[in-house]
Amino acid sequence: MANHEEQFKKLIAHAKEYGFIFPSSEIYDGLAAVYDYGQYGVELKNNIRQYWWKSMVQMHENIVGIDSAIFMHPTIWKASGHVDAFNDPMIDNKDSKKRYRADVLIEDYCAKIEDKINKEIEKAEKRFGDSFDREQFVTTNPRVLEYQRKITDTLHRMNAGLENNLADVKALIEELEIACPISGSRNWTDIRQFNLMFSTQIGSLSEEANTIYLRPETAQGIFVNFLNVQKTSRMKVPFGIAQTGKAFRNEIVARQFVFRMREFEQMEMQFFVRPGTEIEWFEYWKKVRMEWHQSLGIPAEKFRFHDHEKLSHYANAATDIQFEFLFGFKELEGIHSRTDFDLKQHQEFSGKKMQYFDPELNESYIPYVVETSIGLDRTCLAMLSYAYNEEVLDDGSTRVVMKLPPILAPYKIAILPLVKKDGMPEKAREIMDTLKQDFMCQYDEKDAIGRRYRRQDAIGTPFCITVDTQTLEDNTVTIRYRDSMQQDRIAISEIANVVRKNFVSLHNI
Ligand code: ATP
0 MANHEEQFKK LIAHAKEYGF IFPSSEIYDG LAAVYDYGQY GVELKNNIRQ YWWKSMVQMH
60 ENIVGIDSAI FMHPTIWKAS GHVDAFNDPM IDNKDSKKRY RADVLIEDYC AKIEDKINKE
120 IEKAEKRFGD SFDREQFVTT NPRVLEYQRK ITDTLHRMNA GLENNLADVK ALIEELEIAC
180 PISGSRNWTD IRQFNLMFST QIGSLSEEAN TIYLRPETAQ GIFVNFLNVQ KTSRMKVPFG
240 IAQTGKAFRN EIVARQFVFR MREFEQMEMQ FFVRPGTEIE WFEYWKKVRM EWHQSLGIPA
300 EKFRFHDHEK LSHYANAATD IQFEFLFGFK ELEGIHSRTD FDLKQHQEFS GKKMQYFDPE
360 LNESYIPYVV ETSIGLDRTC LAMLSYAYNE EVLDDGSTRV VMKLPPILAP YKIAILPLVK
420 KDGMPEKARE IMDTLKQDFM CQYDEKDAIG RRYRRQDAIG TPFCITVDTQ TLEDNTVTIR
480 YRDSMQQDRI AISEIANVVR KNFVSLHNI
């Protein structure tokens with residue numbers, strides 16, 4: 000773990016040093032859990048958003064997008080349940096004065112038990128070698144079974160306590176002897192519920208000012224526009240509405256970089272289906288979304304599903320797609336079968352019918368909804384953590400290389416004249432002019448070529464094009480591949496093809 004912490008610190012430092020992500024308001028010592036994206040970060044973020052949007056909206060004839068406002072009528076948050084129930088259980092350590100989420104303390108405790116299980120598996124793997132049957136081991140080894148029972152039992156008790164009585168959750172923390180990671184003490188306050196919504200005032204002083212909320216999710220903007228979109232697009236159930244945009248949550252514990260922010264961006268899609276078919280669609284979207292994550296070349300074992308035992312008030316099935324961050328497996332995306340809860344609530348609170356007339360069934364109903372909800376910043380973090388590599392090269396030197404999937408890399412091509420004379424810069428500029436309309440290109444003529452390659456490695460540019468004397472003679476260039484560092488000689492006219500060939504095809508997902 001120490002190694003992972005070290006690695007995580009290096010990643011955060013790299014993200015800052017190379018213009019991916021800066022702490023917000025840094026010259027004023029920052030603002031907790033708020034971050035700014037720099038010149039490379041914004042490209043990465045835009046590329047992820049666009050990859051998501053294309054695969055959801057462009058590739059699905061029955062999904063359209065919208066962009067609803069962040070400010071919405073305050074009654075929406077009453078109807079959705081956020082005013083009354085969008086709470087986290089908060090607990091303070093009296094000695095360190097640090098604040099925690101009670102459920103996270105318990106989940107971290109369970110993650111430690113899971114580490115023990117993994118150690119047992121590793122040990123057994125070594126002992127049995129090729130004949131090791133993992134499945135059999137985890138289902139029969141008494142120690143592993145005992146650990147698993149402990150996890151299930153603990154989470155079950157926690158969920159029951161969160162639902163019924165917070166004092167039981169505190170008792171559980173005490174019984175498990177969970178200590179504050181900072182002070183090491185077990186001197187805890189009682190647990191209190193804390194509403195995560197930010198509020199502000201709308202209207203000038205002379206008018207009657209009203210409290211409104213900064214949206215804590217983009218989904219409600221979709222629900223309240225459901226009929227507008229359905230009618231104007233003449234969509235038939237099943238169909239979906241997608242949206243990306245900022246969401247705000249006053250998170251109790253804001254650590255772990257852009258994993259948990261107070262202002263962040265979501266990419267959500269609400270899929271409206273016939274009542275009774277929602278579980279089928281839930282399974283469908285689970286599969287499709289997992290394929291989307293794996294389409295980018297990150298190994299499958301870095302992702303897993305985590306089905307919810309405790310369901311939110313609106314859901315009848317829910318799962319998370321978790322990613323193995325440097326601090327363990329954590330939620331990256333949520334897939335929820337939200338029933339007809341939201342539309343029904345809005346129908347009740349607004350007094351407007353939220354029904355759909357199904358021409359095939361010849362009847363009206365409130366559709367059921369399956370939602371896919373992914374954090375854009377968390378996806379950036381997943382990408383950066385996976386991509387960050389420190390490599391020792393054959394000559395003993397080291398390089399830091401961001402192995403971002405080419406389609407997501409901030410810059411696709413670096414164009415480098417070998418030397419700053421003999422017509423090479425002019426030729427390089429000429430090549431850049433033909434490519435920059437289609438690809439983000441960066442021109443660099445400063446320093447030795449090796450150092451320029453390293454700079455591009457550090458920001459994840461997948462292709463470096465070097466212009467040399469031969470280029471001036473026969474219109475060929477050297478293309479250097481970031482990951483293999485291999486170099487090939489190709490015609491200038493071939494560059495765009497080679498680059499495109501390395502992009503993921505949306506047809507595969
Ligand atoms: P968590 O349990 O980690 O707080 P959640 O279950 O509340 O997350 P959802 O309400 O399902 O999250 O939100 C959907 C997605 O939005 C999450 O999977 C995550 O990627 C992203 N997200 C939620 N809260 C934050 C946050 N504070 N900072 C960054 N991303 C977030």
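FYI, numbering that gives the first Met the number 0 numbers position 443 of the sequence shown as 442, with every residue one higher than the one before it. Backbone N, C-alpha and C define an ideal beta-carbon position, used for all residues, glycine too.
Smallest Cα separation from residue i: which of the options?
| i | options | result |
| --- | --- | --- |
| E290 | N164, I320, L310 | I320 |
| D31 | A12, E250, Q49 | The sequence shown places Ala at residue 31, rather than the Asp named in the question. Of the listed residues, the one whose Cα sits closest to A31 is E250. |
| D91 | G422, V418, L104 | L104 |
| L403 | M382, E389, K419 | M382 |
| D306 | R233, N46, A316 | A316 |
| L360 | E389, A314, P274, Q486 | P274 |
| S311 | S23, F85, A14 | F85 |
| C379 | A253, A14, H72, M431 | A14 |
| Q441 | E42, P22, E5 | E42 |
| V168 | L226, M89, I112 | M89 |
| T74 | G350, K445, R428 | G350 |
| Y313 | E370, R261, M431 | E370 |
| N587 | N61, N194, E124 | The chain is shown only over 0 to 508; residue 587 falls outside these bounds and no answer can be derived. |
Determine the direct distance from the alpha carbon of residue j to that of residue i, and round the result to whole angstroms.
| i | j | result |
| --- | --- | --- |
| M0 | K115 | With a pLDDT of only 46 at M0, under the threshold of 50, the placement of this residue in the model should not be trusted, and no figure is reported. |
| P405 | P461 | 6 Å |
| P366 | Y355 | 7 Å |
| Y387 | Q135 | 35 Å |
| Y283 | Q255 | 32 Å |
| V257 | V33 | 8 Å |
| F509 | I20 | Given a span of 0 to 508 for the chain in the structure shown, any question on residue 509 remains unanswerable. |
| T477 | G40 | 28 Å |
| K500 | T465 | 19 Å |
| S130 | E300 | 21 Å |
| T199 | D66 | 21 Å |
| M55 | M266 | 10 Å |
| D394 | T151 | 50 Å |
| D341 | K44 | 30 Å |
| Y510 | E173 | Nothing can be reported for residue 510, as the shown portion of the chain is limited to 0 through 508. |
| I120 | K149 | 17 Å |
| Q486 | S294 | 26 Å |
| F502 | R377 | 22 Å |
| S232 | A68 | 20 Å |
Buried or exposed: which applies to residue i, given that a residue is buried once 16 or more other Cβ atoms fall within 10 Å of its Cβ?
| i | result |
| --- | --- |
| Y27 | exposed |
| E264 | buried |
| G220 | buried |
| Q38 | exposed |
| K245 | exposed |
| N46 | buried |
| N181 | Looking at the sequence shown, residue 181 is not Asn but Ile. Exposed: under 16 other Cβ atoms inside 10 Å. |
| S336 | buried |
Check whether the Cβ atoms of residue i and residue j lie closer than 8 Å to each other.
| i | j | result |
| --- | --- | --- |
| I489 | V498 | no |
| L331 | K53 | no |
| S372 | A218 | yes |
| L471 | I448 | no |
| C463 | R450 | no |
| S79 | Q346 | no |
| I494 | L415 | no |
Counting along the chain, where does the alpha helix (DSSP H) carrying residue i start and finish?
| i | result |
| --- | --- |
| Y452 | 448 to 458 |
| Q292 | In the sequence on display, residue 292 carries His and not Gln. Where H292 is concerned, the enclosing alpha helix (DSSP H) stretches over 277 to 293. |
| V257 | Premise fails: V257 is in no alpha helix (DSSP H) and is neither H nor E. |
From what residue to what residue does the beta strand (DSSP E) around residue i run?
| i | result |
| --- | --- |
| Y387 | 387 to 391 |
| T151 | Per DSSP, T151 belongs to no beta strand (DSSP E); it is in the alpha helix (DSSP H), 141 to 163. |
| N209 | 209 to 212 |
| I489 | 486 to 490 |
| P416 | 412 to 416 |
| G239 | 238 to 247 |
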